[in-house]
Amino acid sequence: MITTLILVLFTAALIGVLIFGKKHEILIANLMNAMLFIGLAVAFGLNNNPSGLFYLTIAFYFVIPMYGVIGLFAVMKKSRTNKPDSLI
């Protein structure tokens, strides 16, 4: 239950930073995702039993793909800043 709540809060914060951030949103999102990944890895290490695999599963199905989303936002931001102003 608490892991789900933490994941929801981190996801909301990451998306909020990526959408509403102004200057260093990609760096902040990467740091937040890294903190979440480290936390889940530590939780897996501390629960070295079959129930601890839950944390590893969450890391691989949630945190790792979030790096792809952050990368997509970075590419979109880079292409948006390099376009010249036009009416089209």
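Throughout, our numbering is defined as the position within the sequence shown, counted from one, plus 925. C-beta: ideal position from N, C-alpha, C; glycine also.
Next item on the list: Give the straight-line distance between the Cα atoms of V1000 and A954, rounded to the nearest whole angstrom.
Entry: Counting from one through the sequence shown, the residue named residue 1000 turns up at place 75. Counting from one through the sequence shown, the residue named residue 954 turns up at place 29. Cα-Cα distance, rounded: 14 Å.
Next item on the list: Below 7 Å CB to CB, which residues in the same chain sit around L961 once its five sequence neighbours on both sides are set aside?
Entry: For the purposes of this step, residue 961 is taken as residue 36 along the sequence shown, with counting starting at 1. Taken in chain order, the residues that qualify are F935, V988.
Notebook entry, point to check: Does the Cβ of I995 have 16 or more other Cβ atoms within 10 Å, making it buried, or fewer, making it exposed?
Noted result: As a working note, residue 995 is residue 70 in the sequence shown. Buried, by the Cβ-count rule.
Notebook entry, point to check: Where Y992 and N973 are concerned, what is the direct C-alpha to C-alpha distance, given to the nearest angstrom?
Noted result: For this step, residue 992 is matched to residue 67 along the sequence shown. For this step, residue 973 is matched to residue 48 along the sequence shown. Each residue's Cα considered, the two are about 26 Å apart.
Checklist line | Bounding residues of the alpha helix (DSSP H) (the contiguous stretch that carries F962) | finding: Taking the first residue of the sequence shown as position 1, residue 962 is located at position 37. 950 to 971 is the span of the alpha helix (DSSP H), which, as asked, contains F962.
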